[in-house]
Amino acid sequence: MNPLSLLTGNKWQLAGMMGKAIDAGKFADALPLLSFMDGGKLSGFTGCNNFSGDFNLEGKNISLNPGALTKKACPGSGENEFLAVLSKVKDFKVVKDKLTLMDGATELLSFIPEK
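Just so you know, UniProt numbering puts 37 at position 37 of the sequence shown, and the rest follows in order with no gaps.
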């Protein structure tokens, strides 16, 4: 299966970070989201601000650039933690309905399709 087709077609909602369940209270408005689009475009929501950037995909290797971010002041530490971990992503896998973004064997972020 084409790796890009595993990513596109869903809006992915954050379910876990660094192997732990998400504490929704760390995020100002809602849980973070990622959307991968054809042409290497990436959009998302940090839990407080929206962003639009790009991604580069080579097999199962991926690099993410959140790009431009809105500037809303955000309570809680969730947004900064999410963006810091997102910058470390180098690989991904999709198993059933779960997207896992990794750095080698280390699971950084996990997502499920938004309901």
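Note that beta-carbon positions come from the ideal geometry of N, C-alpha and C, so glycine has one too.
The structure displayed is predicted, hence computed values, not measured ones.
Would you say the region 101-110 touches the region 12-20, given that touching needs at least three Cβ pairs under 8 Å?
yes
How is residue 113 classed by DSSP in three states: helix, strand or coil?
Correct three-state label for residue 113: strand.
Measure the CB-CB distance between residue 55 and residue 42 and report whether it falls below 8 Å.
yes
Are the beta-carbon atoms belonging to residue 32 and residue 44 less than 8 Å from one another?
yes
Thinking C-alpha only, which one of 113, 21, 29 and 11 is nearest residue 79?
29
Per DSSP, which residues does residue 18 bridge with? Please list them.
In DSSP, residue 18 forms no bridge with anything.
Give the secondary structure of residue 89 by DSSP, where H, G and I count as helix, E and B as strand, and everything else as coil.
coil
Starting from residue 69, trace the beta strand (DSSP E) in both directions and tell me its first and last residue.
It spans 61-69 - the beta strand (DSSP E) in which residue 69 sits, taken as one unbroken run.
Would you call residue 66 buried or exposed, if buried means 16 or more other Cβ atoms sit within 10 Å of its Cβ?
It counts as buried.
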